[in-house]
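The opening position of the sequence shown corresponds to residue 14 in my numbering, with each subsequent residue numbered one higher. For reference, the structure is listed below as structure tokens.
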Amino acid sequence: MTLHRDPYKNPFAASDVARHAIWEMLVPRDIDAFLSADWSMVAGDFIEEGFLGVSGNREPNPDRWTLAFPTLAAYRDEWLRQARDFAGKTYGEDPRTAIFRTTWLEEIEIVGEAALVRKKFDGGIRTTDGGLDVMKWQTLYCCRLHEGRWKISGFTGYLPYPMG
């Protein structure tokens, strides 16, 4: 991955409307909502009907992946649990800065009104004792143009990064 980049800058030009919007949804809006533990900030970014989330359980073997989120409500509940747990911890650096630095979303494949988005986490957050809370996983998002904007219809996440 490119080492010299501005992690806050959308790598897709505003003229690349679809990719630009998808990045804004899955990077700054997602990070800020998670850090605020505020689902309402991202609730409109999902297509509830038919939503499906697969957890790779950080395992490279698909035989160990599970249908962890058969509904958006199931994912929302786990997302909120994780966000609240994260909010209860203290770190040795600003978590928002660390998460942006760790997040990579530079590959978006679009075919018609569907998109496959590859979001990777490669790094970590410094802990108060000088250690590192490692963030090394990836998610494949399925997005659709729905009601005039790009939304998440499902994902396969919590995959190891790198795979294999």
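Every residue, glycine too, gets a C-beta built ideally from N, C-alpha and C. None of the values given here were measured: they were computed from a predicted structure.
Taking the Cβ atom as the reference point for each residue, do residue i and residue j lie within a distance shorter than 8 Å?
{"i": "leucine 39", "j": "lysine 133", "result": "no"}
{"i": "glycine 171", "j": "arginine 71", "result": "One detail in the question is off: residue 171 reads as tyrosine in this sequence, not glycine. It is a contact, given that the beta carbons lie within the stated cut-off."}
{"i": "alanine 128", "j": "isoleucine 35", "result": "yes"}
{"i": "leucine 93", "j": "tryptophan 52", "result": "yes"}
Please report the Cβ distance between residue i and residue j, rounded to the nearest whole angstrom; I am assuming they are in contact, meaning their Cβ atoms lie under 8 Å.
{"i": "proline 175", "j": "phenylalanine 113", "result": "Wrong, their Cβ atoms sit about 20 Å apart, outside the cutoff."}
{"i": "leucine 4", "j": "arginine 109", "result": "The first residue shown for the chain is 14 and the last is 177, placing residue 4 beyond what the model contains."}
{"i": "alanine 50", "j": "alanine 100", "result": "5 Å"}
Just the Cα atoms here: how many angstroms apart are residue i and residue j?
{"i": "threonine 140", "j": "phenylalanine 64", "result": "35 Å"}
{"i": "glycine 177", "j": "proline 73", "result": "6 Å"}
{"i": "arginine 18", "j": "aspartate 135", "result": "14 Å"}
{"i": "valine 55", "j": "glycine 143", "result": "32 Å"}
{"i": "glycine 69", "j": "aspartate 146", "result": "20 Å"}
{"i": "alanine 87", "j": "isoleucine 44", "result": "19 Å"}
{"i": "glycine 125", "j": "glycine 137", "result": "35 Å"}
{"i": "valine 130", "j": "lysine 102", "result": "29 Å"}
{"i": "glutamate 106", "j": "glutamate 91", "result": "25 Å"}
{"i": "glycine 57", "j": "alanine 81", "result": "21 Å"}
{"i": "glutamine 95", "j": "glutamate 119", "result": "25 Å"}
{"i": "aspartate 29", "j": "methionine 148", "result": "29 Å"}
{"i": "aspartate 76", "j": "glycine 161", "result": "36 Å"}
{"i": "proline 173", "j": "tyrosine 104", "result": "23 Å"}
{"i": "threonine 115", "j": "glutamate 37", "result": "16 Å"}
Taking 6 Å as the limit between beta carbons, can you name the residues of its chain near residue i, skipping five residues before and five after?
{"i": "leucine 85", "result": "Phe59, Glu61, Phe64"}
{"i": "tryptophan 78", "result": "Val67, Gly69"}
Quick one: what's got a C-beta closer than 8 Å to residue i's C-beta in the same chain, skipping five residues either side?
{"i": "histidine 33", "result": "Asn23, Phe25, Ala26, Ala27"}
{"i": "alanine 31", "result": "Ile121, Ile123, Ala128, Leu158, Trp163"}
{"i": "arginine 42", "result": "Met54, Val55, Asp58"}
{"i": "tryptophan 117", "result": "Met14, Lys132, Lys133, Phe134, Asp135"}
Does the pairing of the stretch 164 to 171 with the stretch 148 to 155 give three or more beta-carbon distances under 8 Å? yes
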